[in-house]
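The C-terminal residue of the sequence shown carries number 583 in my numbering, and the numbering is unbroken.
All residues carry an ideal CB built from backbone N, CA and C; glycine is no exception.
Please read all numbers here as calculations on a predicted model, not as lab measurements.
Notes follow once the structure below has been shown.
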Amino acid sequence: MGKRAKWLAGITAVAAMVTLIAGCSDKQEAATKNETAASPSAQSNPRTGGLSLPLSSTPVTYKFLIREVADIPVKNDWLVLKELAKKTNVNIQFEPVPSTGYEEKKKLLIATNNVPDFSLVNETDALKAGPDKVFLNLKPYIDKGLMPNVKKLMSEIPDIAAVTTAGDGGIYSLPGLSEPNWLSYSWMVRDDVMKELGLQPPKDTDDLYRMLKAMKEKNPKSFPLIMQNAAAAGSNVSSLFNVFTTMFTETSSTLGYNPFNKKYEFAPSHPQYKNMLTYLNKLYTEGLLDQEFAIMKTQNWEQRVQSGASFMTYYNKGRIDIFTDAAVKADPNTKYNMVGMAPVAAPGMRPFQLLKAKVNAPVSVALSANIKNPEIAVQFFDYLYSDEGSDIYMLGAEGVTYERVNGKAKYLPALGTIPTAIQSKLKADYGIRYNNFPLLNYVNKGRDAEPPMTKKLQELETLNAKSAIDPPPSVIATEAELSLEKSKLPSLEKYIEQKLTEFVMGKTPISDAALNDFIAQCKKLGSDELIKMYNDQLQRALKK
């Protein structure tokens with residue numbers, strides 16, 4: 040279940056910095072030994088949280104291994120990096136890694152205790168490896184007053200400490216912070232195709248099947264439904280298995296949160312779970328679901344949605360405008376029109392979507408325990424949580440990318456009028472709001488600076504609001520709980536993903552006997568222990 044639905048993630052800019060390959064050249068190392076913190080007389084102002092700038096009297100360089108967006112290559116001369124260096128005297132050098140290889144590289148660096156200066160991690164990575172001296176303990180620096188912005192945020196948002204405090208009391212990572220009460224993901228469907236066929240938005244999964252069937256009959260070579268992935272990890276809110284588990288069992292994933300019962304549940308034990316498997320198998324067998332769902336790559340998913348090989352998907356809601364804009368750009372006469380669709384559920388079930396948690400722990404940042412000049416590094420880290428620092432990576436530079444209108448920041452008109460197009464240009468040309476780089480996104484600076492949402496997104500907000508439900512509270516895991524999850528969850532998730540794929544593709548029959556065997560094997564791999572642990576954690580959090 041990954042790190043569970045309590046930290047759903049999501050999708051427009053959330054937060055975090057990224058890993059890098061440890062070590063600099065001998066020349067750089069020699070230089071960093073002589074770097075010193077800025078003098079107390081250096082400039083200080085409330086918008087930095089009290090930090091004195093520049094942070095160092097001589098230039099300091101840190102590298103970040105960043106998860107690179109497939110169609111937006113990283114540039115080390117981006118405006119964001121130049122502005123951060125101008126203010127702090129800290130230079131950032133990104134070292135890009137394709138998204139497909141990022142997790143593998145991160146795990147290798149942690150396992151060999153060779154992590155770079157800054158690493159993009161999930162909070163579990165830091166909680167497990169931090170006490171083993173892989174990551175720097177930030178708590179002493181927070182207590183010393185070197186991280187005033189973080190200290191202030193921790194007093195305002197107790198969940199930060201809840202998800203970052205390790206069993207030894209140390210804090211080895213800090214999370215991204217997102218706008219609360221926000222839904223990042225949504226169903227989306229080709230409205231032009233719906234109108235051509237005289238179809239209405241589905242009200243339940245029976246309607247959804249009939250809609251997909253009609254699309255297939257009109258377009259025999261198509262696979263109407265396509266999903267970006269089929270991962271079993273609970274943190275992957277857009278995966279085929281998690282989305283349909285929610286629709287049939289009112290549980291967010293296989294080992295997920297049921298907001299109506301307010302507890303974690305093992306979805307395969309739900310009476311409707313067999314119906315879910317049968318439903319997905321039917322979609323697959325009849326060619327209504329993309330036949331490569333189990334091995335889908337982002338590039339293939341994008342191409343098939345864009346080309347009209349598929350008509351419906353579930354992903355970050357900003358894609359609604361992105362897909363349509365790209366189609367119009369390629370063919371000004373196209374009727375292509377992607378729109379949002381309200382969530383549906385199986386008959387008798389209640390549709391829901393968990394709101395994004397303010398604390399986005401799955402996207403956290405940790406510093407190497409061996410980082411050079413740690414006092415400068417932690418202050419730079421803290422600066423990214425300040426008003427001034429977040430202005431830079433959310434807005435850019437005043438007069439270059441934004442202006443103040445009646446005291447409020449607004450992106451320059453020259454950048455365009457469509458929010459999704461502006462976001463793409465800001466990322467590609469300036470490095471603004473790039474992938475997981477923003478750490479402090481909950482103030483909504485980026486969105487507030489954009490032109491108003493398109494009509495389609497405004498309508499989608501209204502549709503989704505009806506099914507929005509608060510996420511469960513954040514929790515602190517004990518060392519024993521972390522150890523249990525580490526020993527049980529990876530093999531369990533791997534098995535679940537394998538078996539669900541077999542059920543959907545018809546390689547394993549969907550019978551009571553086969554389902555019972557599946558459940559029994561999950562129990563052997565630790566499903567009951569994990570569900571009990573998650574509910575114990577939940578009860579502790581609720582008692583606070």
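Helix, strand or coil at residue i according to DSSP, with G and I counted as helix
i: alanine 124; result: helix
i: glutamate 489; result: coil
i: methionine 377; result: strand
i: alanine 201; result: helix
i: threonine 100; result: strand
i: phenylalanine 299; result: coil
i: leucine 581; result: helix
i: asparagine 399; result: strand
i: glutamate 36; result: No information on residue 36 is available, as it lies outside the stretch 40 to 583 that the chain covers here.
i: isoleucine 570; result: helix
i: glutamate 325; result: coil
i: isoleucine 558; result: helix
i: leucine 294; result: strand
i: isoleucine 471; result: coil
i: phenylalanine 174; result: strand
i: glutamine 576; result: helix
i: valine 154; result: coil
i: glutamate 74; result: Any reading at glutamate 74 must be qualified, since the residue scores a pLDDT of 45, below 50, and its modelled position is unreliable; no value is offered.
i: asparagine 412; result: coil
i: asparagine 84; result: coil
i: cysteine 63; result: Any reading at cysteine 63 is ruled out, since the residue's pLDDT is 38, under 50, leaving its predicted position unreliable.
i: serine 95; result: strand
i: tyrosine 481; result: Interpretation of tyrosine 481 is limited by its pLDDT of 47, a score under 50 that renders its predicted location unreliable; no figure is taken from the coordinates.
i: isoleucine 149; result: helix
i: asparagine 372; result: coil
i: isoleucine 334; result: helix
i: isoleucine 131; result: strand
i: isoleucine 181; result: helix
Residue-level contact to chain C via CB, residue i, 8 angstroms cutoff
i: valine 108; result: Absent from the structure: chain C. Only one protein chain is present.
One or two residues paired with residue i in a DSSP bridge
i: tryptophan 117; result: BP columns for tryptophan 117 are empty, so no partner.
i: valine 136; result: Arg106
i: valine 404; result: Leu159 and Leu213
i: leucine 264; result: Leu328 and Met351
i: glutamine 392; result: Ala507
Residue i: first and last residue of the uninterrupted alpha helix (DSSP H) it sits in
i: alanine 165; result: 162-168
i: phenylalanine 589; result: Nothing about residue 589 can be read from this structure; the chain reaches only from 40 to 583.
i: valine 276; result: Careful: valine 276 lies outside any alpha helix (DSSP H) and carries neither H nor E.
i: glutamine 537; result: 518-544
i: glutamate 437; result: First-last for glutamate 437: undefined, no H or E at that position.
i: methionine 250; result: 244-257
i: proline 187; result: 187-195
i: valine 383; result: It is not in any alpha helix (DSSP H) - valine 383 carries neither H nor E in the DSSP assignment.
i: threonine 363; result: 358-369
i: valine 514; result: Per DSSP, valine 514 belongs to no alpha helix (DSSP H) and is neither H nor E.
i: serine 346; result: 337-346
Residue range of the unbroken beta strand (DSSP E) whose run includes residue i
i: threonine 352; result: 351-355
i: asparagine 445; result: Here asparagine 445 belongs to no beta strand (DSSP E), and DSSP marks it neither H nor E.
i: arginine 229; result: 224-229
i: phenylalanine 305; result: 302-305
Nonlocal neighbours in the same chain, by C-beta distance under 7 angstroms from residue i, ignoring five residues either side
i: threonine 127; result: Leu92, Pro93, Leu94, Phe419 and Tyr422
i: serine 308; result: Ile558
i: alanine 366; result: Gln345, Thr373 and Tyr375
i: asparagine 314; result: Phe287 and Ala385
i: tryptophan 340; result: Ile265 and Gln267
i: asparagine 297; result: Glu289, Thr290 and Glu304
i: tyrosine 101; result: Val129, Ile131, Asp156, Phe157 and Ala416
8 angstroms CB neighbourhood of residue i in its chain, flanking five on each side removed
i: lysine 336; result: Thr139
i: glutamate 568; result: Leu523 and Lys527
Residues near residue i by beta carbon distance below 6 angstroms, same chain, minus five either side
i: arginine 343; result: Ile265 and Ser349
i: valine 543; result: Leu319, Asn320 and Tyr323
i: alanine 405; result: Ser158, Val160, Ala165, Phe174, Tyr211 and Ser212
i: glycine 88; result: Pro187, Asn188 and Ser425
Next on the checklist: Whether or not the region 322-340 and the region 467-474 are in contact is what I'm after, with contact meaning three or more pairs of Cβ atoms, one per stretch, closer than 8 angstroms; do they touch?
Outcome noted: The region 467-474 vs the region 322-340: no contact.
Checklist entry - With a cut-off of 8 angstroms, do at least 3 Cβ pairs link the region 398-409 to the region 256-264? => result Put simply, the region 398-409 does not touch the region 256-264. Fewer than three CB pairs are less than 8 angstroms apart.
Checklist entry - How about the region 509-523 and the region 572-582: do they share at least three Cβ pairs that are nearer than 8 angstroms? => result Segment contact: the region 509-523 against the region 572-582, three or more CB-CB distances shorter than 8 angstroms; contact assigned.
Item to check | Meets three-Cβ-pair contact criterion under 8 angstroms: the region 170-181 and the region 202-209 | outcome: Between the region 170-181 and the region 202-209, the count of Cβ pairs shorter than 8 angstroms is three or higher; the stretches touch.
Checklist entry - Between the region 351-369 and the region 222-230, do three or more beta carbon pairs fall short of 8 angstroms? => result Result yes; three or more Cβ-Cβ pairs closer than 8 angstroms.
Checklist entry - Does the region 383-395 touch the region 149-159, meaning 3 or more C-beta pairs lie closer than 8 angstroms? => result Three or more beta-carbon pairs separated by less than 8 angstroms are not found between the region 149-159 and the region 383-395, which leaves the two stretches without contact.
Next on the checklist: Three Cβ pairs or more, each shorter than 8 angstroms: is that satisfied between the region 244-261 and the region 421-439?
Outcome noted: With the cut-off at 8 angstroms, the region 244-261 and the region 421-439 do not touch.
Item to check | Cβ contact (3+ pairs, closer than 8 angstroms) linking the region 400-414 and the region 440-456 | outcome: Contact between the region 400-414 and the region 440-456 is absent: fewer than 3 CB-CB pairs across the two stretches fall below 8 angstroms.
Checklist entry - Counting pairs of Cβ atoms below 8 angstroms between the region 291-302 and the region 271-279, do you hit three or more? => result Result yes; three or more Cβ-Cβ pairs closer than 8 angstroms.
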